[in-house]
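Data first, discussion second: the structure below is written as structure tokens.
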Amino acid sequence: MNPLHYVEIPLERLAIAAVLIAVAVWLSRWNRLSLEKDLLWGALRGAVQLILIGHVLLLLFAHQTPGWVALALGVMVLVAGYTSSRRVEHGPPWRRLFPFALVSLGAGAAVALIPVFLWVVPLEPWFNARYTIPIGGMMLSNAMNVVALVFERIFAAAAASSDEIEQMLALGATPKQALDRHTRASVRAAMIPTINGLLTVGLVALPGMMTGQLISGTAPEQAVRYQIVIMYQLVAVAAVAGVVAVAFARRLLFTARAQLSLPVTPKA
Amino acid sequence: MIEARDLRVVRAGRAILDGASLRVGAGETVAIEGASGSGKSTLVRAMATLIEPDAGQVLLGGVEAHAIPPSRFRTRVAYLPQQPAMFPGTVADNVAFGPQARGTALTEAEVAALLAQAELSSDYAAREARTLSGGERQRVALARALANAPEVLLLDEPTAALDPQTGLQIVALVRSLAKDGRAIVMVTHLPAHAEALSGGRYVCEAGRVRPR
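Residue numbers (our numbering), protein chains in the order written: chain A, 7 to 274; chain B, -9 to 202.
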């Protein structure tokens, strides 16, 4: 077999892979886990989403213009922003959080992507969708998880420790000082998965991007270099998005007169 | 010294304070009694600038609270809730919190002196604050508040969570803190404790304050 050729998957053989879902469904039924519906729906929805995105990418690669690439990235940012701002327990309703989530994600992604595409992986043309879309997607997805974790944690901590925070304010602490312990804990917690990823990369699993490049025939040393860049980008994304998100959360938790104002989430 | 002028606080459509006014001069001690829900806690919280009144003003030394930066106002006006939260760390960490927030460290001797004012021995300094009893916590909270050298002390039911004996000891301690020219406002639902404070007595009722 030519090493620069990968094994193609025709549709009939893709269908064989669906047997794996059947195994899980059968196990679920046998053990009365009641997951059959979720499994089938998830499998179907995941496949449809991916097939659709495959076609979108095909179109995008064929008609590459800055506008289309920007539109695709824009949709990704919106979905990531929505996902990280909804269902934040003890937090404000998602409409209020959404703009802040967008800015946090955007800041993280910008810091991670712009310098890399300028100096590390210079693109030709500069908006080359083969790079900007998948790498942008990885960054946004990490930023999305970090922002969601930060929001989830900081609003819950503020609600649980409101007495302590208010007592600190009453002693003359600034909102920043009064929330400090919880801010740090939130950002740290949100960054742990990314840091764990750094520590175990290659030992437990080969990352998806590297796996993809290896399968499609990229030289291993180049695939490894790409992966290193991606990892470092993921760290920057997590740090920037986390710190920006927590700063916004703090703004939402205090009034201009330095009073704690816990957001009341209307129960759906 | 401190004055609440026509405070109005509306929450969920209900006026919790409805034109509450109170004036306390330097060295004066005032007890505010009232049934639960009468608005007495809201009054001291508003006077501590921890909640924003919908109308009315809080004045400190004749100056509108809004004209004073919140951190500055709150070092001059101390507020203690019914069950003050202890911060992580030792009693000394807790007592030093206020000055620390402004970038000033307290010496061991200063911490001991503050503890002494709250009638706690210096042995307490090294103890884990969160392991203390209710009465001890009140005293640590007082020492912690005094570390800011406040001109006004606002206390919200400092004795409500304590047994009667400990409660009266805390009242006596609070009374003694007025002698340096400090203005003291203590909210309580216990007439005996209001009596023991032996200062001015007011009643909060339907969101207003009237002399008893």
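Where is the CB? At the ideal position from N, CA and C, for every residue including glycine. All values reported here derive from a predicted model rather than from experimental measurement.
Residue from the options whose Cα sits closest to the Cα of residue i
i	options	result
G93 of chain B	A:F133, A:T180 and A:R159	A:T180
L144 of chain B	B:G24, B:A150, B:A57 and B:A135	B:A135
A36 of chain B	B:G46, B:P140 and B:D83	B:G46
L119 of chain A	A:P269, A:V243 and A:A255	A:V243
I59 of chain A	A:T71, A:L79, A:V25 and A:L46	A:L79
R120 of chain B	B:E109, B:R66 and B:F77	B:F77
A99 of chain B	B:S111, B:A91 and B:G88	B:S111
A135 of chain A	A:F67, A:L259 and A:A255	A:F67
R187 of chain A	A:V29, A:L50 and A:A164	A:A164
F252 of chain A	A:G97, A:F157, A:V241 and A:V126	Going by the sequence as given, residue 252 of chain A is Val instead of Phe. The shortest C-alpha separation from V252 of chain A is found at A:F157.
V250 of chain A	A:L63, A:Q183 and A:G112	A:G112
D(-4) of chain B	B:R4, B:A2, B:S11 and B:G3	B:S11
A57 of chain B	A:R263, A:R35 and A:G143	A:R263
Cβ distance (whole Å) where residue i is taken to contact residue j below 8 Å
i	j	result
P74 of chain B	Q159 of chain B	Actually they are not in contact, since the Cβ atoms of P74 of chain B and Q159 of chain B sit about 16 Å apart, beyond 8 Å.
T39 of chain B	F63 of chain B	6 Å
L175 of chain A	L266 of chain A	6 Å
A107 of chain A	S90 of chain A	5 Å
V122 of chain A	V235 of chain A	6 Å
Q239 of chain A	M145 of chain A	6 Å
Y114 of chain B	L105 of chain B	6 Å
I(-8) of chain B	V53 of chain B	With a Cβ gap of about 11 Å, I(-8) of chain B and V53 of chain B do not count as contacting.
L103 of chain A	V94 of chain A	6 Å
V130 of chain B	A173 of chain B	The Cβ separation is near 22 Å, so there is no contact.
A168 of chain B	G17 of chain B	6 Å
F161 of chain A	P72 of chain A	F161 of chain A to P72 of chain A, Cβ: 38 Å. No contact.
Coarse secondary structure for residue i, derived from DSSP in three states
i	result
I171 of chain A	helix
V53 of chain B	strand
D153 of chain B	coil
S26 of chain B	coil
L143 of chain B	strand
A68 of chain B	strand
A48 of chain B	According to the sequence shown, residue 48 of chain B is Val rather than Ala. Reduced to three states, the DSSP call for V48 of chain B is strand.
M7 of chain A	The predicted position of M7 of chain A is uncertain, since its pLDDT is 48 and thus under 50; no value can be drawn from it.
F260 of chain A	strand
G9 of chain B	strand
I22 of chain A	helix
A245 of chain A	helix
L180 of chain B	coil
E98 of chain B	helix
I27 of chain A	helix
A2 of chain B	coil
V85 of chain B	helix
V13 of chain A	coil
V252 of chain A	helix
K273 of chain A	Only weak support is given to the placement of K273 of chain A: the predicted model assigns it a pLDDT of 40, under 50, and the question is left unresolved by the model.
L268 of chain A	coil
G189 of chain B	coil
S222 of chain A	coil
W47 of chain A	helix
L33 of chain B	helix
W132 of chain A	coil
G112 of chain A	helix
V235 of chain A	helix
G142 of chain A	helix
G87 of chain A	helix
I58 of chain B	coil
R129 of chain B	helix
H188 of chain A	helix
S34 of chain A	helix
L104 of chain B	helix
Opposing strand residues paired with residue i [DSSP bridges]
i	result
E118 of chain B	B:T80
V199 of chain B	B:C194
T19 of chain B	B:I174
R(-5) of chain B	B:Q47
V14 of chain B	B:I(-8)
Residue i Cβ short of 7 Å to the ligand NAD heavy atom set
i	result
Q72 of chain B	For the ligand NAD, the structure offers nothing, since it holds no ligand at all.
Review point. Which of the residues in the stretch 58 to 70 of chain B, read from start to end, lie with their CB under 9 Å from any CB of chain A?
Key: P59, P60, S61, R62, F63, R64, T65, R66, V67, A68, Y69 and L70
Exercise for review: Could you name the residues of the stretch 26 to 45 of chain B whose beta carbon sits closer than 7 Å to any beta carbon of chain A, in the order they occur along the chain?
Suggested key: A38, T39, L40, I41 and E42
Exercise for review: Give the residues from the stretch 74 to 88 of chain B that approach chain A closer than 9 Å (Cβ to any Cβ), ordered along the chain.
Suggested key: P74, A75, M76, F77, P78, F87 and G88
Point to revise | Proximal residues, the stretch 175 to 206 of chain A versus chain B, C-beta separation under 8 Å | key: L175, A176, L177, G178, A179, T180, Q183 and R187
Check your understanding: What residues from the stretch 247 to 258 of chain A come within 9 Å of chain B, judged by C-beta to C-beta, listed N to C?
Key -> none
Point to revise | the stretch 79 to 113 of chain A: positions lying closer than 7 Å to chain B by Cβ | key: none
Check your understanding: Listed in chain order, which residues of the stretch 86 to 108 of chain B have Cβ atoms closer than 8 Å to some Cβ of chain A?
Key -> F87, G88, A91 and R92
**Study point:** Selection of the stretch 145 to 179 of chain A by Cβ proximity to chain B, strictly under 8 Å
**Key:** S167, D169, E170, E172, Q173, M174, L175, A176, L177, G178 and A179
Exercise for review: Below 8 Å between beta carbons is the criterion; list the residues of the stretch 222 to 243 of chain A that meet it against any residue of chain B, in chain order.
Suggested key: none
Practice item. Taking only beta carbons into account, state which residues of the stretch 159 to 191 of chain B come closer than 8 Å to chain A, listed in chain order. Key: none
Check your understanding: Between the stretch 121 to 133 of chain B and chain A, which residues of the former have a C-beta closer than 7 Å to a C-beta of the latter?
Key -> none
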